[in-house]
Amino acid sequence: MMTENHWQSVKISTEDFQLRLARKPKIKKEIKKEIKFEKNTETLKESSKESSKESSKESSKQLIEVKAPMTGTYYAAASPSAPPFVQVGSYVKVGQTLCIIEAMKLMNTIESEHEGQIVEILVSNAQMVRAGQVLMLIS
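Numbering follows full-length UniProt numbering, with no gaps: position 47 of the sequence shown is 47.
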């Protein structure tokens, strides 16, 4: 219905119930410039991990990067007791759910735009991610 009518979001609310559906933004393929602000040691550790991962990514150019379309909390599964959507070695199809990013109390599903196998997952469950951050690699 949202696609047919070209709606970006729908909100239904009653006295004791509220539902909001929003279309996910297009995932950008590249970032032109990235600015890092390091506030504490945890952030410094993450930056050093990212730089080592970036150097390993340069050596494997044929891998497809799945990037976070927004800043939020990364979740690998629909609930804490549910199995993860994908794992390293999983084969994914176009449109298959890869993960969820919670932003402003909204759960945004991130779907695969490519078919292939998950080679590496670069973030851990319940980790804060930034818009444009690489979440996983698909071969």
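All C-beta atoms, glycine included, are put in the ideal place defined by N, C-alpha and C.
Less than 8 Å separates the beta-carbon of residue 111 from that of residue 96. Residue 76 counts as buried, since no fewer than 16 other beta carbons sit within 10 angstroms of its beta carbon. Inclusion of residue 94 and residue 113 in the CB contact set at 8 Å is warranted, their separation being smaller than that value. With a threshold of 16 other beta carbon atoms within 10 Å, residue 74 meets it and is buried. Per DSSP, the unbroken beta strand (DSSP E) holding residue 108 starts and ends at 106-111.
With respect to residue 92, residue 118 sits close: the two C-beta atoms are nearer than 8 Å. Excluding the 5 residues flanking it on each side, residue 87 has same chain C-beta neighbours closer than 8 Å at 118 and 121, in chain order. Distance from the CA atom of residue 22 to the CA atom of residue 98, rounded to whole angstroms, is 18 Å. For residue 19, the enclosing beta strand (DSSP E) starts and ends at 18-22.
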